[in-house]
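Input: a single structure, listed below in structure tokens.
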Amino acid sequence: MAGFAAFRLLWAGQALALMGREMTWFALTLFAYQKTGLATTLSLLGFFHFLPLILLSPLAGALVDRYPRKWAMLASDLAGGVATGVLLLLFLVGRLEVWHLYLVSAFTGALSSLHWPALSAALSAMLDKKDYARASGMMSLAESLAGVGAPVLAAALLKPLGLEGIFALDLLGTATAVTTLLLVPIPNPKPQAQEKTSLLGEALFGFRFILERPPLLGLQLLFFGVNFLTTLAATVMPAMVLAKTGLSESALALVRSASGLGGVVGGLFLSLWGGPKQRVHGVFLGMALSSLALALMGVVEGPWAWAALAFLEAFFIPLLNGSNQAIWQAKVPLAVQGKVFAARRMIAWFATPLAMVLSGPLADRVFGPRLGQGEGIALMLLLFGGLGVLWGLSGYLLPRVREVETLLPDAKAD
Numbered sequence: 063m064a065g066f067a068a069f070r071l072l073w074a075g076q077a078l079a080l081m082g083r084e085m086t087w088f089a090l091t092l093f094a095y096q097k098t099g100l101a102t103t104l105s106l107l108g109f110f111h112f113l114p115l116i117l118l119s120p121l122a123g124a125l126v127d128r129y130p131r132k133w134a135m136l137a138s139d140l141a142g143g144v145a146t147g148v149l150l151l152l153f154l155v156g157r158l159e160v161w162h163l164y165l166v167s168a169f170t171g172a173l174s175s176l177h178w179p180a181l182s183a184a185l186s187a188m189l190d191k192k193d194y195a196r197a198s199g200m201m202s203l204a205e206s207l208a209g210v211g212a213p214v215l216a217a218a219l220l221k222p223l224g225l226e227g228i229f230a231l232d233l234l235g236t237a238t239a240v241t242t243l244l245l246v247p248i249p250n251p252k253p254q255a256q257e258k259t260s261l262l263g264e265a266l267f268g269f270r271f272i273l274e275r276p277p278l279l280g281l282q283l284l285f286f287g288v289n290f291l292t293t294l295a296a297t298v299m300p301a302m303v304l305a306k307t308g309l310s311e312s313a314l315a316l317v318r319s320a321s322g323l324g325g326v327v328g329g330l331f332l333s334l335w336g337g338p339k340q341r342v343h344g345v346f347l348g349m350a351l352s353s354l355a356l357a358l359m360g361v362v363e364g365p366w367a368w369a370a371l372a373f374l375e376a377f378f379i380p381l382l383n384g385s386n387q388a389i390w391q392a393k394v395p396l397a398v399q400g401k402v403f404a405a406r407r408m409i410a411w412f413a414t415p416l417a418m419v420l421s422g423p424l425a426d427r428v429f430g431p432r433l434g435q436g437e438g439i440a441l442m443l444l445l446f447g448g449l450g451v452l453w454g455l456s457g458y459l460l461p462r463v464r465e466v467e468t469l470l471p472d473a474k475a476d
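The working numbering puts the first residue of the sequence shown at 63, with every later residue one more than the last.
In structure tokens:
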């Protein structure tokens with residue numbers, strides 16, 4: 063088994079594991095907010111996950127290029143299963159507290175720093191260049207399928223199965239992912255001829271690669287800005303829904319599922335279409351249109367209206383991410399994609415933990431006290447989502463970024 067057939071098997075295992083993780087995340091979001099009633103609690107959960115993910119990404123990228131990508135993914139999946147098992151045991155003995163969730167979020171964030179560059183580089187090695195955008199669409203589809211199914215399943219199963227049942231399903235998904243990984247052959251590229259360097263030197267290589275290519279650097283700085291603006295709003299959006307609906311699990315599940323469904327449709331659309339010939343159009347317009355839908359969520363009222371806009375916001379994410387991923391896979395040599403992709407993610411995603419740690423206090427101490435918890439967060443969505451629209455469209459004003467696909471040659475195949 064090889065090529066796209068092998069990718070489909072790998073995709074199926076990763077999709078099931080992601081479904082389990084998203085069910086657990088939804089259940090823990092409810093658990094944490096019901097315990098404290100603060101938007102800050104939700105923003106801190108995200109902060110503790112993303113901070114180690116970002117800080118460890120360069121080191122993880124160097125490890126991915128030094129060792130087999132399959133084993134990096136296996137180690138990450140297995141350790142994630144151990145973390146879920148610890149949460150299950152703490153809950154069964156009645157000792158699970160919010161601070162435990164912060165610790166586990168940090169641990170799983172560190173694991174994600176290894177898993178993502180390993181998976182991205184593995185797909186580049188498994189597939190022909192013509193299949194990159196389609197595969198990216200399928201990976202976005204997997205994320206969105208989990209986004210649709212996980213909230214509905216978690217909300218429906220929490221009462222009959224309890225939180226322990228959600229943890230058990232998460233562990234089952236992890237076992238499936240590990241099994242499929244063991245079955246799928248993942249080629250390892252030939253190392254580039256270069257002097258041996260330390261792990262730190264290899265970690266810094268990705269940053270040097272990007273800095274030496276201003277169009278790629280500009281593209282990542284564009285992502286930094288839009289990630290910061292939209293994360294300020296999106297992190298506390300669940301708190302707005304819960305505050306305006308009297309802690310309704312079904313309302314939050316509806317909005318989350320609609321978001322996932324939008325991503326499913328967007329991912330299917332991209333996987334069938336393949337994306338625009340000029341990938342930058344998918345990047346810029348994806349940023350602007352998804353941010354616009356997020357902004358409008360702060361204007362409308364009611365779960366169904368929020369759900370409709372959540373659908374639209376998520377629909378454009380596969381176009382954005384798939385187009386961007388296709389650019390990078392075409393421009394970066396396969397043998398160094400682990401290091402470069404890790405550095406790329408650190409540049410673009412460093413905005414995420416920064417925005418997360420700010421969004422909760424902004425909601426609880428600035429916007430909320432003046433307008434009420436729900437209305438204050440709604441204003442945050444309108445303000446920061448609107449700025450995200452302008453930021454995304456600003457890419458058309460930057461010639462080096464706009465012409466990245468013609469200014470840089472495609473990388474030679476190994």
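C-beta: ideal position from N, C-alpha, C; glycine also.
**Asked** In or out: L273 buried (at least 16 other Cβ within 10 Å) or exposed?
**Response** With fewer than 16 Cβ atoms within 10 Å of its Cβ, L273 is classed as exposed.
**Message:** Using the three-state DSSP reduction, which class does E264 fall into: helix, strand or coil?
**Reply:** Here E264 carries a helix assignment [DSSP, helix/strand/coil].
**Request:** Evaluate the contact criterion for the stretch 298-315 versus the stretch 97-105: three or more CB pairs, one atom per stretch, below 8 Å.
**Result:** Contact holds: three or more Cβ-Cβ distances are below 8 Å.
**Asked** Does the pairing of the stretch 371-391 with the stretch 154-164 give three or more beta-carbon distances under 8 Å?
**Response** In short, these stretches do not touch, since the Cβ pair count stays below three.
**Prompt:** So what does DSSP say about V303, is it helix, strand or coil?
**Reply:** Per DSSP, reduced to three states, the secondary structure at V303 is helical.
**Message:** Looking at Y164: is its Cβ nearer than 8 Å to the Cβ of F229?
**Reply:** Contact annotation: Y164 and F229 have beta-carbon atoms that are not nearer than 8 Å.
**Message:** Between the alpha carbons of L351 and A440, how many angstroms are there, rounded?
**Reply:** Straight-line Cα distance between these residues: approximately 18 Å.
**Asked** Is DSSP giving S321 helix, strand or coil here?
**Response** Helix.
**Prompt:** How many angstroms separate the CA atom of F429 from the CA atom of V303?
**Reply:** One C-alpha to the other measures close to 15 Å.
**Request:** To the nearest angstrom, report how far apart S186 and G434 are at their CA atoms.
**Result:** Approximately 48 Å between the Cα atoms of the pair.
**Run of the alpha helix (DSSP H) containing L424, from where it starts to where it stops** = Segment: none, L424 is in no alpha helix (DSSP H) and carries neither H nor E.
**Prompt:** For F69, which option in M200, P380, M85 has the closest C-alpha, if you only look at C-alpha atoms?
**Reply:** When the alpha-carbon of F69 is set against those of M200, P380, M85, the nearest one is in M200.
**Request:** Please report how far the alpha carbon of A357 lies from the alpha carbon of G82, in whole angstroms.
**Result:** Near 30 Å, if we compare the C-alpha coordinates of G82 and A357.
**Counted within 10 angstroms of its Cβ, other Cβ atoms place L334 as buried (16 or more) or exposed** = Around the beta carbon of L334, fewer than 16 other beta carbons sit within 10 angstroms, so the residue counts as exposed.
**Request:** Pull up the CB-CB distance for V345 and G457, whole angstroms please, since I reckon it's below 8 Å.
**Result:** That belief holds up - the Cβ atoms of V345 and G457 are roughly 7 Å apart, short of 8 Å.
**Prompt:** Are the stretch 393-408 and the stretch 365-372 touching, with three or more C-beta to C-beta distances below 8 Å?
**Reply:** The stretch 393-408 vs the stretch 365-372: no contact.
**Prompt:** Closest by CA to E465, which one among R275, L381, M135?
**Reply:** Comparing Cα-Cα distances from E465 to each of R275, L381, M135, the minimum goes to R275.
**Prompt:** Mind checking L173: buried by the 16 CB within 10 Å criterion, or exposed?
**Reply:** So L173 counts as buried.
**Request:** Just mark D190 as buried or exposed, buried being the case when its beta carbon has 16 or more other beta carbons within 10 Å.
**Result:** Looking at its Cβ environment, which holds fewer than 16 other Cβ atoms inside 10 Å, D190 is exposed.
**Asked** Can we say the stretch 206-216 touches the stretch 310-330, given the rule of at least three CB pairs closer than 8 Å?
**Response** Touching, yes, given that three or more Cβ pairs across the two stretches are closer than 8 Å.
**Request:** Rounded to whole angstroms, what's the CA-CA distance from E257 to A124? Just pull it up for me.
**Result:** The pLDDT assigned to E257 is 49, lower than 50, so where the model puts this residue is not dependable; a value taken from the coordinates is nonetheless given after this. Cα to Cα, the separation comes out at about 15 Å.
**Request:** Figure out for me which residue from L149, A183, N383, L266 has the closest Cα to the Cα of F45.
**Result:** Residue 45 lies beyond the stretch modelled for the chain, which goes from 63 to 476, so this question has no answer here.
**Message:** Distance check for G325 and A195, CA to CA, integer angstroms please.
**Reply:** Within the model, the alpha-carbon separation for A195 versus G325 is close to 15 Å.
**Message:** In the DSSP assignment, the alpha helix (DSSP H) including T236 goes from what residue to what residue?
**Reply:** Looking at the DSSP string, the run of the alpha helix (DSSP H) that includes T236 is 194-245.
**Message:** Between which two residues does the alpha helix (DSSP H) holding P338 run?
**Reply:** Looking at the DSSP string, P338 is not in any alpha helix (DSSP H), and its letter there is neither H nor E.
**Message:** So the candidates are N250, V342, V144, G224; which of them puts its Cα closest to the Cα of S167?
**Reply:** Just measuring C-alpha positions, the residue of N250, V342, V144, G224 sitting nearest S167 is V144.
**Asked** When the Cα atoms are used, what is the spatial distance from S105 to G322?
**Response** Between S105 and G322, the alpha-carbon positions lie close to 20 Å from each other.
**Request:** Please state whether DSSP places T297 in a helix, a strand or coil.
**Result:** Coil at T297, not helix or strand.
**Asked** If we count the other Cβ atoms within 10 Å of its Cβ and call it buried at 16 or more, is T241 buried or exposed?
**Response** Taking all protein chains shown into account, T241 has fewer than 16 neighbouring C-beta atoms within 10 Å of its C-beta and is therefore exposed.
**Where the alpha helix (DSSP H) containing N383 begins and where it ends** = Where N383 is concerned, the enclosing alpha helix (DSSP H) stretches over 379-393.
**Message:** Does F66 come out as helix, strand or coil in the three-state DSSP assignment?
**Reply:** Judged by DSSP in its simplified three-state form, F66 adopts helix.
**Message:** Taking a contact to mean a Cβ-Cβ separation below 8 Å, would you say A239 touches D139 in this structure?
**Reply:** Taking 8 Å as the Cβ cut-off, A239 and D139 qualify as a contacting pair.
**Asked** Buried or exposed: where does T468 fall if 16 or more other Cβ atoms within 10 Å of its Cβ makes it buried?
**Response** Exposed is the call here.
**Asked** Sorry if obvious, but does the Cβ on F112 come closer than 7 Å to a heavy atom of the ligand PLP?
**Response** In the structure shown, the ligand PLP is absent, as is every other ligand, since no ligand is present at all.
**Request:** Give the single residue among L424, Q391, F88, L449 whose Cα lies nearest to the Cα of D472.
**Result:** It is Q391.
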